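Novice:
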Amino acid sequence: MDRSILFLSILSLWLIVGSGLYGADTTSRKKIYTFPIREEIMPSTERLTSKCLGEAVAEGADLVVIQMNTYGGMVNAADSIRTMVLNAAIPVWVFIDNQAASAGALIALAADSIYIRPGGNIGAASVVDQSGRPMPDKFQSFMRATMRATAEAHGKVIDRIEGTDTLWRWHRDPQIAEAMVGITSGDSTTLNVLTLTAEEAIAKHFAEGKASSLEEVLSAAGVEDYDLIRYEPTLLDRILGWLMNPFAQGVFVMLIVGGIYFELQSPGIGFPLIAAVLGAVLYFSPLYLEGMVQYWELILFIVGLLLIGVEIFVLPGFGVAGVLGIVSVVVGLTFAALDREVFRHVQSGEMSVGRVLQPLLVVVIGMTAAFVVGIWLGKRFLSGNSILRNRVVLTTDLTPQEGCVGHRFPDESLIGRIAEATTVLRPSGKIQYDGTYYDAVAENGGFVERGTRVVITRLEHGQIYCEPAVDQS
9 MDRSILFLSI LSLWLIVGSG LYGADTTSRK KIYTFPIREE IMPSTERLTS
59 KCLGEAVAEG ADLVVIQMNT YGGMVNAADS IRTMVLNAAI PVWVFIDNQA
109 ASAGALIALA ADSIYIRPGG NIGAASVVDQ SGRPMPDKFQ SFMRATMRAT
159 AEAHGKVIDR IEGTDTLWRW HRDPQIAEAM VGITSGDSTT LNVLTLTAEE
209 AIAKHFAEGK ASSLEEVLSA AGVEDYDLIR YEPTLLDRIL GWLMNPFAQG
259 VFVMLIVGGI YFELQSPGIG FPLIAAVLGA VLYFSPLYLE GMVQYWELIL
309 FIVGLLLIGV EIFVLPGFGV AGVLGIVSVV VGLTFAALDR EVFRHVQSGE
359 MSVGRVLQPL LVVVIGMTAA FVVGIWLGKR FLSGNSILRN RVVLTTDLTP
409 QEGCVGHRFP DESLIGRIAE ATTVLRPSGK IQYDGTYYDA VAENGGFVER
459 GTRVVITRLE HGQIYCEPAV DQS
């Protein structure tokens, strides 16, 4: 029995040592992944953070460092980023490269470690509207609780040991985190808001140290031997960023509307239609890849085009279908370029209505410019003797010598004759008299059924006018 115990002990020790020799990482170099947050906290920042954290895990990074310099932004986007950071599979640090205000402070508090540039600050996390005025206490209460919960998520650490007693403290004091939102004093629009400088943040344990660069951050943390993986926008990211620029979107709207306009001037599948389709693809594709487009917006855009087509080719004049078509196209294009989350903040007053109006203005200005330019180009190049007109417009003159017989004006003797409507006149159509077919228009814009006997009443500018014969009931 004793030998068996001794054998098992030796075997266990060998397995432990062996696993340490063969299973451990033989290299001590760390992989550090870093990406910046230097803009207003928006849904685009949320998408960037999600992408970068995923890439860091895929690269096998040991640590993620966010380089932050922001004055804040949308609370819900910041809250989503906070949740990502708290639940990240690898440690996440934040290097405050000047400012971490408002929503930026919430994100920074979620990090495992914070380093701050000398002269930088963190705090001022109260919820304000677009003019900078504090929102009612309902919003502040939510933000205070979120800041407290974020600080509490990092737990407690040993403060000091006195004899046999171990004294603990919060890694980051939830009460100080709450004070960054402010406590209502007097009326609901007056807050006492806390903002910490670099020295104060270190003294209150809200920052691990000061640093002027990412390299100093890693050096201060004792990370000396590492490979740095910097997030660099890919070619696709740059292309998508350019395609989503308001100016580029306005150009694409002009292509869509202008292409449809010119296609209607010369029906058939040609260059204008191709340009319109290309404009639609370039407009919707980047928005779809960024997760901003929903199916109903694309469907609404297509339905709008169909309604406009029905109004032009099927229904006479321009009425309800045409108006609904234009409205559908404008709404589809506008909402496709608009983050739905913006509405919550506009309704609550946290964000300016201009956030909603910008995509609408891009679409309206683009459509207006397309019509103006289309009309000008039509007069400039599709009329007269321009080279472009000769290439895209049929300008060949057909003479009688080449077998073409021109239209002959009807004779005045037809007035008073009884003919038959061979098509429905609404009000224009065709009539037949003495075996010859003529184009005719019903008097007073009337409606005449096919097969009705009509009397020719007058001729004006080569056009026959008629009305139902008296003997018709």
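Mapping of the sequence shown onto my numbering: position 361 corresponds to residue 369, and the numbering continues sequentially without gaps. All residues carry an ideal CB built from backbone N, CA and C; glycine is no exception. Keep in mind it's a predicted model, so treat the numbers as computed, not measured.
Identify every residue that forms a DSSP beta bridge with residue 380.
Specialist: Counted from its first residue, the sequence shown places residue 380 at position 372. According to DSSP, residue 380 bridges with nothing at all.
Novice: Give me, in chain order, the residues of the same chain whose beta-carbon lies closer than 7 Å to that of residue 343; leave out the 5 immediate sequence neighbours on both sides.
Specialist: Stepping through the sequence shown from its first residue, residue 343 is reached at position 335. So the qualifying residues of the chain are 305.
Novice: Between the segment 160-171 and the segment 235-244, are three or more C-beta pairs nearer than 8 Å?
Specialist: Taking 8 Å as the limit for Cβ pairs, the verdict is that the segment 235-244 does not touch the segment 160-171.
Novice: Per DSSP, which one or two residues make a beta bridge with residue 200?
Specialist: The sequence position of residue 200 within the sequence shown is 192, counting from 1. Residue 200 is bridged to 191.
Novice: Any contact between the segment 245-265 and the segment 124-132? By contact I mean 3 or more CB pairs, one from each, below 8 Å.
Specialist: no
Novice: Are the CB atoms of residue 152 and residue 189 nearer to each other than 8 Å?
Specialist: Along the sequence shown, read from residue 1 onward, the residue named residue 152 stands at position 144. Along the sequence shown, read from residue 1 onward, the residue named residue 189 stands at position 181. The answer is yes: Cβ separation under 8 Å.
Novice: Comparing alpha-carbon positions, which option in 116, 37, 107, 261 lies nearest residue 73?
Specialist: Residue numbering aside, residue 73 sits at position 65 when the sequence shown is read from its first letter. With distances taken between Cα atoms, residue 73 lies closest to 116.
Novice: When the Cα of residue 424 is compared with those of 374, 459, 477, which residue comes out closest?
Specialist: Indexing the sequence shown from 1 puts residue 424 at position 416. Out of 374, 459, 477, 477 has the C-alpha closest to the C-alpha of residue 424.
Novice: Let me know if residue 218 comes out buried or exposed under the rule of 16 or more other beta-carbons within 10 Å of its beta-carbon.
Specialist: Taking the first residue of the sequence shown as 1, we reach residue 218 at position 210. Residue 218 comes out buried.
Novice: Kindly confirm or deny that the segment 167-176 and the segment 198-211 touch, where touching means at least three C-beta pairs closer than 8 Å.
Specialist: no
Novice: Alpha carbon to alpha carbon, how far is residue 239 from residue 60?
Specialist: As a working mapping, residue 239 is identified with position 231 in the sequence shown. As a working mapping, residue 60 is identified with position 52 in the sequence shown. Residue 239 and residue 60: Cα-Cα distance of roughly 7 Å.
Novice: Since residue 442 sits in a beta bridge, which residues does DSSP pair it with?
Specialist: Indexing the sequence shown from 1 puts residue 442 at position 434. DSSP, once it has assigned bridges, lists no residue as partnering residue 442.
Novice: I think residue 465 touches residue 473, with their Cβ atoms under 8 Å apart; what is that distance to the nearest whole Å?
Specialist: Taking the first residue of the sequence shown as 1, we reach residue 465 at position 457. Taking the first residue of the sequence shown as 1, we reach residue 473 at position 465. Residue 465 to residue 473, Cβ: 5 Å. Contact.
Novice: Looking at the unbroken alpha helix (DSSP H) that takes in residue 310, where does it start and where does it end?
Specialist: Counting from 1 along the sequence shown, the entry for residue 310 is found at position 302. Counting along the chain, the alpha helix (DSSP H) containing residue 310 begins and ends at 303-321.
Novice: Which residues in the same chain have their Cβ closer than 6 Å to the Cβ of residue 266, if we skip the five residues on either side of it in sequence?
Specialist: Along the sequence shown, read from residue 1 onward, the residue named residue 266 stands at position 258. The residues are 378, 382.
Novice: Classify residue 183 as buried or exposed, calling it buried when 16 or more other Cβ atoms lie within 10 Å of its own Cβ.
Specialist: In the sequence shown, counting from the first residue as 1, residue 183 sits at position 175. By the neighbour-count rule (16 or more Cβ atoms within 10 Å), residue 183 is not buried but exposed.
Novice: Given this structure, state the Cα-to-Cα distance separating residue 281 from residue 268, to the nearest angstrom.
Specialist: Position 273 of the sequence shown, counted from the start, is the residue given in the question as residue 281. Position 260 of the sequence shown, counted from the start, is the residue given in the question as residue 268. If I take the Cα positions, the gap works out to 6 Å.
Novice: Between which two residues does the alpha helix (DSSP H) holding residue 84 run?
Specialist: In the sequence shown, the residue the question calls residue 84 occupies position 76. Taken as a continuous stretch (DSSP letters only), the alpha helix (DSSP H) holding residue 84 covers 83-94.
Novice: For residue 29, which residues in the same chain have their Cβ closer than 7 Å to its Cβ, ignoring the five residues on either side in sequence?
Specialist: For the purposes of this step, residue 29 is taken as the residue at position 21 of the sequence shown. Residue confidence for residue 29 is low, a pLDDT of 35 falling below 50, so the modelled location carries little weight; the figure read from the coordinates is stated next. Counting only Cβ-Cβ distances below 7 Å, and skipping sequence neighbours, we find nothing.
Novice: Identify the continuous beta strand (DSSP E) that holds residue 43 and give its terminal residues.
Specialist: As a first step, residue 43 is located in the sequence shown; it is residue number 35 there, counting from the start. 38-45 is the extent of the beta strand (DSSP E) around residue 43.
Novice: Counting C-beta neighbours from all protein chains within 10 Å, is the total for residue 54 16 or more, i.e. buried, or is it exposed?
Specialist: In the sequence shown, the residue the question calls residue 54 occupies position 46. Buried.
Novice: Quick check: what's the CA-CA separation for residue 471 versus residue 462?
Specialist: To locate residue 471, count along the sequence shown from 1; it is residue 463. To locate residue 462, count along the sequence shown from 1; it is residue 454. Spanning the two alpha carbons is a distance of roughly 15 Å.
Novice: Which partner residues does residue 176 have in the DSSP bridge list?
Specialist: The residue given as residue 176 occupies position 168 in the sequence shown. Answer is 166, bridged to residue 176.
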